[in-house]
Amino acid sequence: MELHLKKRILGALVTVGIAALVLPVVLDGSRTHRGLSSDIPPMPEPPQWSTLEDERKVRKELEQLASGEAEKMVSVPDIVVVDHDDTSRGGAQSDRSSLDDEQMPYAWTLQIGVFSQRDNAHRLRDKLRGLGYKAYVQEFAETKHTGVYVGPELTRAKAEELQAALKAELKQKDIYLRRYKAES
Numbered sequence: 061m062e063l064h065l066k067k068r069i070l071g072a073l074v075t076v077g078i079a080a081l082v083l084p085v086v087l088d089g090s091r092t093h094r095g096l097s098s099d100i101p102p103m104p105e106p107p108q109w110s111t112l113e114d115e116r117k118v119r120k121e122l123e124q125l126a127s128g129e130a131e132k133m134v135s136v137p138d139i140v141v142v143d144h145d146d147t148s149r150g151g152a153q154s155d156r157s158s159l160d161d162e163q164m165p166y167a168w169t170l171q172i173g174v175f176s177q178r179d180n181a182h183r184l185r186d187k188l189r190g191l192g193y194k195a196y197v198q199e200f201a202e203t204k205h206t207g208v209y210v211g212p213e214l215t216r217a218k219a220e221e222l223q224a225a226l227k228a229e230l231k232q233k234d235i236y237l238r239r240y241k242a243e244s
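61 is the number of the first residue of the sequence shown in this note's numbering; add one for each residue after it.
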């Protein structure tokens, strides 16, 4: 018998054998997909009192805001805008950092300017950041002014070096050194 014919007969026998094994499994209706049963009950509806309690809480908060009670609970620290350098060291040594009476580290920052237009302050801050300085802004709600600062530095000597560099680079003489206090 020719080799090509032998291969065709063998392939036909294998195909018929596989069909004979698989066809009863497919045609048998007993092997259908069964879902898993679950003992978990459906989620219950929330009780009516829970939504009422949330609404009452929101009403209380709105009433506090309207009456001014919430404003009394939140206190904004007073921020002093300086017109000259802060020469008081308050016990801090210039070459190393230490803690004050409130256990806060002494740090120094430089006031570059105070603007009535917020966009001008942000523009100067972005310019200083572009030059590589750690610049930030601070807004004063009571006067609606925005201050631009560089720092903080942990040693006064480093802050004074930074002040001299900024005065030379910005060609601005009114850059004030002041004590930095972190807002909490």
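C-beta: ideal position from N, C-alpha, C; glycine also. On a predicted model such as this, the values are computed, not experimentally measured, just so you know.
Taking the alpha-carbon positions, what's the residue i to residue j distance?
i: residue 118; j: residue 191; result: 47 Å
i: residue 77; j: residue 70; result: 11 Å
i: residue 175; j: residue 127; result: 33 Å
i: residue 107; j: residue 100; result: 20 Å
i: residue 95; j: residue 104; result: 23 Å
i: residue 121; j: residue 114; result: 11 Å
i: residue 179; j: residue 164; result: 32 Å
i: residue 116; j: residue 230; result: 56 Å
i: residue 223; j: residue 193; result: 11 Å
i: residue 81; j: residue 102; result: 43 Å
i: residue 64; j: residue 79; result: 23 Å
i: residue 62; j: residue 72; result: 16 Å
Identify the continuous alpha helix (DSSP H) that holds residue i and give its terminal residues.
i: residue 169; result: Not the alpha helix (DSSP H): residue 169 falls in the beta strand (DSSP E), residues 167-175.
i: residue 195; result: Element bounds for residue 195: not the alpha helix (DSSP H) but the beta strand (DSSP E), 195-200.
i: residue 77; result: 63-87
i: residue 222; result: 216-230
i: residue 188; result: 178-190
Is it the case that the Cβ atoms of residue i and residue j are separated by a distance below 8 Å?
i: residue 167; j: residue 240; result: yes
i: residue 208; j: residue 172; result: yes
i: residue 206; j: residue 197; result: yes
i: residue 185; j: residue 195; result: yes
Whose CA, out of the options, lies closest to the CA of residue i?
i: residue 199; options: 177, 220 and 215; result: 177
Enumerate in chain order the residues of its own chain whose CB-to-CB distance from residue i is below 7 Å, with the five nearest sequence positions on each side excluded.
i: residue 219; result: 168, 170, 211, 213 and 237
i: residue 155; result: Reliability fails at residue 155, whose pLDDT of 48 lies under 50, so the model's placement of it is uncertain and the value that follows must be treated cautiously. Excluding sequence neighbours, residue 155 sits near 215 and 217.
i: residue 86; result: none
i: residue 233; result: 227
i: residue 189; result: 195
The beta strand (DSSP E) that contains residue i, what's its start and end?
i: residue 95; result: Element bounds for residue 95: n/a, residue is neither H nor E.
i: residue 206; result: 205-213
Once the 5 residues before and after residue i are set aside, which same chain residues still bring their CB inside 8 Å of it?
i: residue 221; result: none
Leaving out five residues on either side along the sequence, give the residues of the same chain with a beta carbon under 6 Å from the beta carbon of residue i.
i: residue 149; result: Because residue 149 carries a pLDDT of 49, less than 50, the predicted location of this residue cannot be relied on, and no value is offered for it.
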